[in-house]
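Residue numbers (my numbering): 42 to 788.
C-beta atoms are modelled at their ideal positions from N, C-alpha and C, and glycine is treated no differently.
Because the structure is a prediction, the values reported are computed rather than measured.
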């Protein structure tokens with residue numbers, strides 16, 4: 042795809058940005074009591090300090106993780122690329138955690154796949170990084186791992202004990218004293234409704250049995266019995282970690298051998314990377330909404346207690362969950378996608394069937410701070426969206442119209458830019474920006490169909506699409522180089538070249554001229570430099586099929602040539618992964634290189650269409666066979682023989698074939714249940730039926746012709762008889778019978 046050299050690679054906010062306060066950025070800050078958006082005030086030096094909770098690396102990542110990190114990646118891109126700030130993003134990796142250690146303990150008792158529990162964390166951290174890279178998530182500026190912060194964690198806990206905000210349990214575990222903290226600070230800023238602080242004089246009988254003073258106190262350091270099983274690799278001696286004597290709490294207790302609690306880990310790592318005594322806070326903290334309480338509220342408490350400040354974080358951004366519809370005991374319910382519920386779809390599995398761009402497009406169709414209900418059909422919609430973007434960009438790149446002083450499309454683009462600025466300044470609504478982009482493309486389609494597209498508008502739209510997609514981290518590539526690209530271009534060019542005279546000969550009926558022009562094109566291609574690569578076979582097949590097509594009877598030439606061109610389009614897709622779409626005006630084409638997932642999707646569409654056409658052709662064939670079999674049956678014995686004829690047609694699914702006859706036959710029982718073409722009840726059957734005497738049956742038919750039993754079948758029998766008469770198959774006697782039945786049908 043050729044991109045105009047004047048198109049900027051990065052989209053920026055207009056010059057009247059929020060630096061002077063005229064157009065502020067407004068955001069949903071989880072620290073705010075209400076739900077109203079508040080102004081985002083960032084440092085004047087335009088350097089933003091940002092911490093976000095990373096993965097707990099004990100298993101593969103799923104689409105719920107993708108939802109969080111793609112959303113945060115978009116916000117980061119908007120702040121950096123659109124509003125022009127420099128972000129320092131720190132992201133942790135929780136590589137010491139109960140889930141990891143429990144997995145290791147289970148492994149030691151079973152498969153014994155891992156030599157240490159850190160083998161687990163290293164493996165799944167790499168898989169997480171691979172997933173994020175595949176989805177186009179920018180890497181953090183700094184990665185912190187719990188395993189690399191053990192001494193700092195111990196010192197942080199020791200400081201909290203010294204300040205009176207932490208105490209040791211009988212076994213050496215350490216807990217944060219929430220009650221003590223609330224004397225000078227506010228606890229539960231993010232979810233006040235989830236907080237219960239018990240009184241200072243709580244009776245001993247009501248206190249927890251695990252060593253905590255109160256139920257709301259949470260672990261900073263955990264000593265557990267299972268450490269004895271894997272003590273060397275899953276627990277640490279705090280005194281050895283810091284190389285000095287441990288601080289005692291008010292009861293004279295010290296930390297025991299163990300491991301850190303979950304909440305303390307983030308407090309220590311974020312503080313180390315982003316805080317100083319002069320500035321004991323940072324700008325933005327992010328994570329999924331499920332982390333709000335207790336994790337983030339406890340982070341705030343620990344950190345504010347440690348630094349002696351009232352506000353450790355200025356803005357908390359929490360992404361909505363990815364939800365799925367589950368059925369529990371037959372009842373429909375909507376749950377968060379999670380490993381614990383077993384309702385998850387991994388990122389890696391999804392990327393086997395869909396491109397990273399398609400997954401990203403799907404996830405960007407929702408505001409970042411609300412829940413997003415996942416349905417597989419949304420990926421199909423995203424796949425169609427990607428195809429549309431690819432086609433439009435290819436069309437715009439190849440457009441060769443002239444410039445215009447007043448361009449309709451350029452005006453639409455200018456309006457869309459202003460709307461986008463409003464969207465991004467109001468809580469980073471990238472979902473609205475994306476929706477507006479597709480709305481703009483639909484307007485472009487209308488203008489193009491009217492023949493009103495100009496070079497000015499095409500350039501403006503191409504620039505805007507590329508800028509928006511770049512801002513949202515969406516990659517749409519239509520280019521490729523090398524031997525395959527060269528031969529694909531040759532095949533597409535030859536295909537387009539021979540289509541033109543074929544279409545012209547169809548219009549003019551001058552088939553000889555069409556054949557002559559096509560032959561000249563084939564000869565020129567054959568005299569060109571030999572093609573190389575996998576596509577060389579496709580080129581040779583195209584030449585052979587076109588030459589065969591022009592050898593058909595003259596009037597069939599256009600159809601044969603166009604059919605050969607269509608077959609080549611499919612071959613290009615199967616062999617090289619190239620999509621060729623003919624333009625609606627018949628002049629030219631759009632060539633696109635597809636990923637493996639896109640190629641599979643396109644082939645699935647082609648195969649499904651072919652199966653439908655084959656089924657339709659087969660149904661038509663069966664219908665003809667059935668009509669012939671039924672037409673051979675005389676009226677007098679129609680119901681006796683119709684079922685047998687119907688069943689004689691060899692097709693396993695005749696449910697949609699010949700509905701009229703099928704309905705009639707379905708009402709007939711086996712031969713002995715039908716007397717001379719009329720359905721009979723058992724009582725009538727016993728009186729008149731004689732399956733050995735054909736004449737007897739015909740006589741019975743004449744006797745019963747006016748019987749109520751004939752009822753609604755008279756018209757069917759009469760119509761059947763008329764067909765036999767028209768085909769010259771009916772005897773004189775049968776003609777008389779048909780007339781008699783016809784008279785009955787009129788009554």
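Counting the other CB atoms within 10 Å of its CB gives residue 487 a total below 16, which places it among the exposed residues. Only residues of its own chain outside the window of five on either side were considered, and among them 70, 71, 72, 231, 326 and 337 have a CB closer than 7 Å to the CB of residue 357, listed in chain order. Across the structure, residue 285 and residue 251 are spaced so that their CA atoms are roughly 28 Å apart. DSSP places residue 209 within a strand segment (E or B) once states are collapsed to three. The region 340-350 and the region 292-310 touch, with three or more beta-carbon pairs separated by less than 8 Å. Taking all protein chains shown into account, residue 646 has fewer than 16 neighbouring C-beta atoms within 10 Å of its C-beta and is therefore exposed. Rounded to the nearest whole angstrom, the CA to CA distance from residue 291 to residue 92 is 34 Å. Residue burial is scored here from C-beta neighbours: residue 648 has fewer than 16 other C-beta atoms within 10 angstroms and is therefore classed as exposed. In the DSSP assignment, residue 368 falls within the unbroken beta strand (DSSP E) covering 363-369. Judged by their CB atoms, residue 177 and residue 397 are nearer to each other than the 7 Å cut-off.
The secondary-structure analysis by DSSP pairs residue 262 across a beta bridge with 215 and 301. Scanning the region 296-347 for uninterrupted alpha helix (DSSP H) segments of 4 residues or longer gives 303-315, listed from N- to C-terminal end. When 133, 770 and 568 are compared, the shortest CA-CA separation from residue 315 is found for 133. In the three-state DSSP reduction, residue 276 falls in the coil class, being neither helix nor strand.
Taking C-alpha positions only, residue 346 is separated from residue 222 by approximately 7 Å. Here residue 155 is not bridged, per DSSP, to any residue. Burial check for residue 136: the Cβ neighbour count within 10 Å reaches 16 or more, so the residue is buried. Residue 444 is positioned such that its CB atom lies closer than 7 Å to that of residue 497. Taking a 10 Å sphere around the C-beta of residue 548, we find fewer than 16 other C-beta atoms and assign the residue as exposed.
Annotation for residue 129: no alpha helix (DSSP H) segment contains it, though the beta strand (DSSP E) segment containing it runs 127-134. Secondary-structure assignment with DSSP links residue 358 through a beta bridge to 327. In this structure, the CA atom of residue 185 is about 11 Å from the CA atom of residue 130. Residue environment: residue 457 is assigned as buried (16 or more neighbouring CB atoms within 10 Å of its CB, all protein chains considered). DSSP lists 363 as the beta-bridge partner residues of residue 413. Assignment of residue 87 by DSSP, reduced to helix, strand and coil, places it in the coil class. Per the C-alpha coordinates, the member of 581, 583, 602 and 582 positioned closest to residue 591 is 602. Contact between the region 378-393 and the region 93-105 is present: three or more C-beta pairs spanning the two stretches fall below 8 Å. Pairing residue 162 with residue 194 gives a Cβ-Cβ distance that is not under 7 Å. Counting only runs of 4+ residues, the alpha helix (DSSP H) found wholly inside the region 414-490 occupies 417-439, 449-466 and 471-490, in chain order.
Residue state for residue 204 is assigned as coil, using DSSP reduced to three classes. Residue 320 counts as exposed, since fewer than 16 other C-beta atoms from the protein chains shown sit within 10 angstroms of its C-beta. Spatial neighbours of residue 112 in its own chain (CB-CB distance under 6 Å, excluding positions within 5 residues in sequence) are listed in chain order as 360 and 409.
Distance from the CA of residue 88 to the CA of residue 151, rounded to the nearest whole angstrom, comes to 50 Å. In the DSSP assignment, residue 517 falls outside any alpha helix (DSSP H), carrying neither H nor E. Bridge pairing for residue 103: 387 [DSSP]. Excluding sequence positions up to five before and after residue 572, its CB lies within less than 7 Å of the CB of 528, 531 and 580, all in the same chain and listed in chain order.
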